[in-house]
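These notes are about the structure you will find just below.
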């Protein structure tokens, strides 16, 4: 009897000591903390493992972040449902990167993890199949010039030697892509590592993918909004397993769970599209540099018009700079001409100057192609009544409704509010008095048909391209010379190679220079320089015509002179004199809510609690945002300028959290803002 009691006590003690292990698990949702779960009997878990856990009334993929810390009874802690041990875990360096990215951008860790786990079921196998086989013998690269060989050798010399940042700075058409293709081939031939190439917009991937396949004999795994869910799931699986060796994608591809990533290439690194403005705000270029630092491999930034930040870092010796100053083979840079619109006397409803009309018509008559650029979608940016002056405005945004005629409607380009074009003015009821003001790409199409009716013309803008396939087809038609004249917004300005493009016309070169945006001059220069670079990329000599009412503006003069470095140096000097980035740092606070008085009060409370006695901080605002109302919410902005020695993320987070805001108000933090709307 005593023996039985001793055995019973021993057994109870043994099983009590075998308590399920407790783990801290991070879920891909907008939370900044991990939750504790238990590993059921027989489930061995470690930090980084991918699991499925119960969350609320559903289930969610998640990642083990470490040992559990919650001091709760076992009955209060839920069990892990599934351990996906057939997929590699998330490495310690990637977990540190997620933690750091959430800290730096003042965003929830879970939202960062959501980009690493963007699919609901990683085990599901659908019909989509991705071929990841590579035949090294089929790699057939274009022979490089001596200067290109030197550039490629420089990049390849950094592979496998830890973290570094290289700025590949080459004029448009200098063969920058062929240089980094050489580095990709080097990795494919010498290791089983993965390479990620980031592109700012999916439109750029069309020709890029064709070019890649022709050189390498296989298609890389693509990751962007145009990829179907089934293909994304298959792509995720291939990336996580390491089977996908080359990945090309938009900014979110940066956060995927690569098994053995060894190089990131950020093409068109200056492009504003790398900044995520909704949800978690981050800059993909800067996060690419950070991920490379955490995982100790090189990153290459590529551009013909580097951002001031990257250009400054190269001049300061933080980045290695590789320069390609000449176009490849026989191509030369295009001639850039300014048309002074103050001397033009165009009739009402016309926006293309006499000279530009002549140049476009001559190019097409001679069998070449042309481009016409205006960064305005639709037919006209404003519709008003000529009798009473009524202007059509979005009811939910501080923006005019844009007139579209291809599908007749008035539309807000911020919230997608749409209404049919009325027959009469809603204010005075007058008919035949509604008048379109200004021009968009659709109106240019109408004007072009007047003086070159025989031309095959296409429009390329985000709302005229119904899908990725539509965009791909338009670019293919242009490449194969099924289009004579391509009219478009900034979608046509970047990265495309059209061999017979002879003339590029810019209808309103001053458009981006208005307002007080810190980066207005830099962005306008980059956009127009990139656009100009589409012309004359092969044998045909290119010509560019900039229509401007400000021909004496430094941006216009810099484009005509071709002295890019002088322009960048002048911009850097102006930034330094004003102590603006890259010589200081900015952070924005956006306060928004449905009640204007509550938004104003919250913004003022924030302003009153910042320690403005600190000489290293400067507060601007609060002030109404340029887009004062957006999607039915009032918006106020505050801006903080800080010396670079300040721990800006901690300071901003602590400041905002010190103010109790009403539940009806949302406060957003934007570290290193790129847009000021």
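Numbering (this note's numbering), first residue to last: 88 to 764. Even for Gly, the Cβ is constructed at its ideal location relative to N, Cα and C.
Closest to residue i by CA distance: which of the options is it?
i	options	result
residue 422	202, 649, 702 and 116	649
residue 352	390, 362 and 315	390
residue 162	428, 404, 154 and 123	123
residue 782	302, 311 and 111	The structure shown does not extend to residue 782, since the chain is modelled only from 88 through 764, so no value can be given for it.
residue 243	227, 220, 268 and 332	268
residue 190	753, 734 and 745	734
residue 251	401, 652 and 671	401
residue 461	592, 357 and 569	592
residue 730	692, 566, 127 and 666	666
residue 634	428, 659, 511 and 126	428
residue 311	323, 305, 164 and 663	323
residue 656	316, 233, 213 and 395	395
residue 517	533, 551, 554 and 474	474
residue 226	647, 272, 218 and 639	272
residue 712	334, 732, 659 and 680	680
residue 569	597, 306 and 588	588
residue 495	259, 551 and 154	551
residue 128	450, 676, 166 and 605	166
residue 613	358, 336 and 218	358
residue 140	170, 158, 153 and 133	170
residue 615	235, 598 and 625	598
residue 288	149, 683, 447 and 355	355
residue 574	376, 113, 600 and 527	527
Within the continuous beta strand (DSSP E) that includes residue i, where are the two ends?
i	result
residue 456	456 to 460
residue 124	122 to 126
residue 424	422 to 427
residue 401	Not the beta strand (DSSP E): residue 401 falls in the alpha helix (DSSP H), residues 395 to 402.
residue 407	407 to 411
Which residues in the same chain as residue i place their Cβ atom closer than 7 angstroms to its Cβ, once the five residues preceding and following it in sequence are excluded?
i	result
residue 193	736, 739, 740, 756 and 758
residue 206	319, 320 and 323
residue 523	466, 467, 470 and 490
residue 384	250, 348, 349 and 350
Residue i: buried (16+ other C-beta within 10 angstroms of its C-beta) or exposed?
i	result
residue 703	exposed
residue 182	buried
residue 265	buried
residue 557	exposed
residue 611	buried
residue 581	buried
residue 623	buried
residue 689	buried
residue 464	buried
residue 577	buried
residue 468	buried
residue 631	buried
residue 700	exposed
residue 249	exposed
residue 338	buried
residue 261	buried
residue 245	buried
residue 440	buried
residue 430	exposed
residue 654	buried
residue 456	buried
Less than 8 angstroms between C-beta atoms, sequence neighbours within five positions excluded: which residues of the same chain meet that for residue i?
i	result
residue 370	361, 362, 363, 759 and 761
residue 328	174, 175 and 346
residue 293	558, 559, 562 and 563
residue 696	742, 745 and 746
residue 497	470, 479, 488, 489, 490, 491, 505, 506, 507 and 508
residue 228	265, 268, 269, 272 and 302
residue 499	481, 483, 484, 486, 488, 489 and 505
Just to confirm the assignment, what range does the alpha helix (DSSP H) spanning residue i have?
i	result
residue 761	First-last for residue 761: undefined, no H or E at that position.
residue 598	That residue, residue 598, is in no alpha helix (DSSP H); it is neither H nor E in DSSP.
residue 330	Segment: none, residue 330 is in no alpha helix (DSSP H) and carries neither H nor E.
residue 682	It is not in any alpha helix (DSSP H) - residue 682 carries neither H nor E in the DSSP assignment.
Can you give me the Cβ contacts of residue i inside the same chain, cut-off strictly under 6 angstroms, excluding the 5 residues immediately before and after it?
i	result
residue 718	483 and 502
residue 116	197
residue 692	746
residue 444	538
Quick one: does residue i have its CB under 8 angstroms from some CB of chain B?
i	result
residue 653	Reference to chain B is not applicable here, since this structure consists of a single protein chain.
Report the residue ranges of all alpha helix (DSSP H) runs contained in full by the region 218 to 255; include only those spanning at least 4 residues, in chain order.
Fully enclosed alpha helix (DSSP H) runs of 4 or longer: 233 to 243.
Counting only runs of 3+ residues fully inside the region 689 to 743, write out the beta strand (DSSP E) ranges in chain order.
Whole beta strand (DSSP E) segments, 3+ residues: 704 to 717 and 720 to 729.
Return the chain-ordered ranges of every beta strand (DSSP E) run that is complete within the region 432 to 501 and spans a minimum of 3 residues.
456 to 460, 469 to 472, 489 to 491 and 496 to 498, all fully within the region 432 to 501.
Alpha helix (DSSP H) segments (min. 4 residues) lying fully within the region 605 to 641:
607 to 619
What are the complete alpha helix (DSSP H) segments, minimum 4 residues, inside the region 555 to 589?
Qualifying alpha helix (DSSP H) stretches, in chain order: 555 to 566.
At 3 residues or longer, and completely inside the region 333 to 387: list those beta strand (DSSP E) runs for me, N to C.
333 to 336 and 348 to 354
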